Amino acid sequence: MAPAEHTDLSDEKLVAYLDEELSASERKQTAAALSRNPEARARLERLERGGRPFGDAFDVLLEAAPDTRLQAMFADVMTKQGPASAASADEKVVPFRQPLAAGRVPLWRMAAAAAILALVFTGGLATGGFFDNPQTPPQLAAEQKPGWREAAARYVALFSKETLEGMPSDPGARQANLQRAEQALGLKLSGERIANPVLAFQGTQLLQLDGKPLAQISFLHDGRTPVALCIIRTANPPQGAQKEQRHGLNVVHWIADGYGFMVIGKVPEPELNQISETFKARFS
Amino acid sequence: MNDSDLSLRLKEVQEGLPPLLKRLWRYGLVLSGDSDTAHDLVQATCLRALEKSEQFQPGTQVSRWVYTILRSIWMNELRSRRVRMGQGFVDPEIALVADGIREMETNLLARQVLREVERLPEGQREAVFLVYGEGLSYREAADILGIPQGTVMSRLAAARGKLADLKDHGDHLLPAE
């Protein structure tokens, strides 16, 4: 055994001593040296005071992890990895899972297929998130913002009253679709929250853009005009309501609490504003 | 490496990932201080791990390997990108607590500890997380961080020194609620 005065009693060594990372012989040697070195003992006590119930504290973060959302993301990643999607375009909107009426392709699905083609050919769309495609060079936040709205607007523009009438109408299926969107987004989408006095709820579609869930909740306004509330997660900061036009449709969009919202439809601006105000209040 | 080797590796990675997602998210949160970024990091890590599954050494722990991937994505791609985008870091001192806060209201001590950990410099915070939060040995933590074991020890010593001072001098050093 080395003489006590030559034993390393650095802070590093003392932390390893506290953490039981020393071998049995090192430990014994360190303990012996400490017994003769009050200065090192004082440092040891200080390092001990710097201990905390770290494990319990970090466990709390584990409990806070969005498990459902993570599992949904993983399922999606696995789908993309599959051989069938070898040619998977990075930037297209595709339905996650399509509730199918047997023997009949609903109109809204055909609209979806058309939208996919449109998007594949335009390409180059960016999304609100900055990490969906790690291979692409970074893009400025300002360039990204229109991305998801443009993608969703192209899709919504293909909707007609008949499209919506082709969507599942039984309450069970509607509820299941709403819940699926709720889970994928990690955002509460109860019937109350999406209820709007001037709109008739028609159904929910869970789409994806760059692997990112995008919910489209469809309504009929005045019994004939499709209106959609689209929601996507975003890393962008909160932003108040803004207006724009896309594909002949009026749009009101805002960002709150990590979500981008867009209300879109061929509805006069003042009425669309009012509709948006109601949603905005429900999701704040 | 033949095809069946490859598919075995892929299978091991595919099956190893789902139970790790929450832990990966937590690591991402500790690094970035932001739950969205943490989510993006987990997603990118899964994609990368599946793509590179041929590099996985069968018989070793999937968790260590994917931690290394997550960390390298954070260091090489995301962290700097956030800075370039002009957002800077989301203030981890607030975000780390805010994200878990709903679940945490009953656990004041845990919250206090996390607030203190958030104040540590990134290198120390990460060492504290891996060793005391994940329960890794110094050696394992050093491997993930790509630094010598002695550096892990000095980061832990520095972190504990700071935390001791916090205890001695009281909470006034912490940011206001």
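In the order they appear, the protein sequences are chains Z and X. Here my numbering is used: the first residue of the first sequence is 900, the next is one more, and so on. Here my numbering is used: the first residue of the second sequence is 26, the next is one more, and so on. Where is the CB? At the ideal position from N, CA and C, for every residue including glycine. Keep in mind it's a predicted model, so treat the numbers as computed, not measured.
With 9 Å as the threshold, decide whether the Cβ of residue i is near any Cβ in chain Z.
i, result
"X:His194", "no"
"X:Leu95", "no"
"X:Met100", "no"
"X:His197", "Residue placement at X:His197 is poorly supported in this model, since its pLDDT is 48, which falls under 50; the coordinates are not used for a value here."
"X:Glu141", "yes"
"X:Arg185", "yes"
"X:Ala182", "yes"
"X:Lys55", "With the sequence shown as reference, residue 55 of chain X is identified as Val, and Lys is not the correct amino acid for it. At least one chain Z Cβ lies under 9 Å of X:Val55."
"X:Ala189", "yes"
"X:Gln39", "yes"
"X:Phe81", "no"
Check the Cβ-Cβ distances between residue i and every residue of chain X, and say whether any is below 9 Å.
i, result
"Z:Leu1088", "no"
"Z:Trp1047", "no"
"Z:Ala915", "yes"
"Z:Ser909", "yes"
"Z:Phe1160", "no"
"Z:Gly1069", "As written in the sequence, residue 1069 of chain Z is Asp, which differs from the Gly given in the question. For Z:Asp1069, the answer is no, since every Cβ of chain X falls outside 9 Å of its Cβ."
"Z:Phe957", "yes"
"Z:Ala985", "Legend: pLDDT at Z:Ala985 = 34, less than 50; position of this residue unreliable, value from coordinates given subsequently. No - not a single Cβ of chain X is within 9 Å of the one on Z:Ala985."
"Z:Arg1079", "no"
"Z:Arg945", "yes"
"Z:Arg926", "no"
"Z:Lys1165", "no"
"Z:Leu960", "yes"
"Z:Arg1053", "no"
"Z:Lys1179", "no"
"Z:Gly1065", "no"
Quick one: which chain Z residues come within Cβ less than 8 Å of residue i?
i, result
"X:Pro43", "Gln970, Phe973"
"X:Trp90", "Those within 8 Å of X:Trp90 in chain Z number zero; the least Cβ separation is about 16 Å."
"X:Ser227", "Only positions 26 to 202 of chain X appear in the structure, and residue 227 of chain X is not among them; the question remains open."
"X:Ser179", "Asp910, Glu911"
Going along chain X, which residues have a C-beta under 8 Å from residue i?
i, result
"Z:Pro952", "Leu134, Ala135, Val138"
"Z:Arg1073", "Neighbours of Z:Arg1073 on chain X: none; closest Cβ ~27 Å, over 8 Å."
"Z:Arg1123", "The premise fails here: Z:Arg1123 is roughly 38 Å from chain X at the closest Cβ pair, so nothing lies under 8 Å."
Note down, in chain order, every chain Z residue with its Cβ under 7 Å from the Cβ of residue i.
i, result
"X:Glu157", "Glu is not the amino acid found at residue 157 of chain X; the sequence shown has Tyr there. Near X:Tyr157 (Cβ distances below 7 Å), the residues of chain Z are Phe953, Gly954."
"X:Gly205", "Nothing about residue 205 of chain X can be reported from this structure: the residues present for chain X run from 26 to 202 only."
Exposed or buried, which one is residue i when buried takes at least 16 other CB atoms within 10 Å?
i, result
"Z:Gly1147", "exposed"
"Z:Asn1135", "buried"
"Z:Val1097", "exposed"
"Z:Ala1114", "buried"
"Z:Thr1062", "buried"
"X:His194", "exposed"
"Z:Lys1087", "exposed"
"X:Leu86", "Before going on, a small fix: residue 86 of chain X reads as Gln here, not Leu. Label assigned to X:Gln86: exposed."
"X:Glu76", "exposed"
"Z:Asp907", "exposed"
"Z:Lys1111", "buried"
"X:Arg180", "buried"
"Z:Asn885", "Not covered by the structure: residue 885 of chain Z. The range shown for chain Z is 900 to 1183."
"Z:His905", "exposed"
"Z:Gln1107", "buried"
"Z:Asn1149", "buried"
"X:Ser88", "buried"
"X:Pro146", "exposed"
"X:Arg185", "buried"
"Z:Lys927", "exposed"
"Z:Phe1020", "Residue placement at Z:Phe1020 is poorly supported in this model, since its pLDDT is 31, which falls under 50; the coordinates are not used for a value here."
Report the neighbours of residue i on chain X: residues whose CB is nearer than 7 Å to its CB, in chain order.
i, result
"Z:Gly1157", "Asp61"
"Z:Ala964", "Lys47, Trp50, Arg51"
"Z:Gly1147", "Simply none; closest approach about 32 Å."
Can you pull the chain X neighbours of residue i, defined as C-beta to C-beta under 9 Å?
i, result
"Z:Val976", "Leu42, Gln68, Cys71, Leu72, Leu75"
"Z:Arg1132", "Asp61, His64"
Anything in chain Z within Cβ reach of residue i, meaning under 9 Å, just list it in chain order.
i, result
"X:Val87", "Result: empty, since nearest Cβ-Cβ is about 13 Å, beyond 9 Å."
Does the beta-carbon of residue i, which I'm using as the reference point, lie nearer than 8 Å to any heavy atom of the ligand HEM?
i, result
"X:Gly148", "Absence of the ligand HEM is noted for the structure shown, with no ligands found whatsoever."
Next item on the list: Evaluate contact between the segment 1156 to 1165 of chain Z and the segment 37 to 53 of chain X, counting only Cβ atoms and requiring at least three cross-stretch pairs below 8 Å.
Entry: At 8 Å Cβ cutoff, the stretches do not touch.
Note to self: Whether or not the segment 152 to 164 of chain X and the segment 966 to 975 of chain Z are in contact is what I'm after, with contact meaning three or more pairs of Cβ atoms, one per stretch, closer than 8 Å; do they touch?
What the structure shows: Short answer: they don't touch.
Margin query: Measuring CB atoms only, is the segment 921 to 939 of chain Z touching the segment 951 to 963 of chain Z, in the sense that at least three cross pairs come out at less than 8 Å?
Written below: Segment contact: the segment 921 to 939 of chain Z against the segment 951 to 963 of chain Z, fewer than three CB-CB distances shorter than 8 Å; contact not assigned.
Next item on the list: Taking only beta carbons into account, state which residues of the segment 1085 to 1114 of chain Z come closer than 8 Å to chain X, listed in chain order.
Entry: Listed in sequence order: Gly1110.
Notebook entry, point to check: Quick one: any contact between the segment 41 to 56 of chain X and the segment 956 to 971 of chain Z, if contact means 3 or more CB pairs under 8 Å?
Noted result: Yes, since at least three Cβ pairs between the segment 41 to 56 of chain X and the segment 956 to 971 of chain Z fall closer than 8 Å, the two stretches touch.
Check: Does the count of Cβ pairs from the segment 1124 to 1142 of chain Z and the segment 1171 to 1179 of chain Z closer than 8 Å reach three?
Finding: The way I'd put it, the segment 1124 to 1142 of chain Z does touch the segment 1171 to 1179 of chain Z; three or more beta-carbon pairs between them come closer than 8 Å.
Next item on the list: Note down, in chain order, all residues in the segment 929 to 941 of chain Z with a beta-carbon under 9 Å from any beta-carbon belonging to chain X.
Entry: So nothing in the stretch comes that close.
Checklist line | Any 3 or more C-beta pairs closer than 8 Å across the segment 1072 to 1082 of chain Z and the segment 1092 to 1107 of chain Z | finding: These segments touch.
Check: Would you call the segment 941 to 948 of chain Z and the segment 910 to 920 of chain Z touching, i.e. three or more CB-CB distances under 8 Å?
Finding: Taking 8 Å as the limit for Cβ pairs, the verdict is that the segment 910 to 920 of chain Z does touch the segment 941 to 948 of chain Z.
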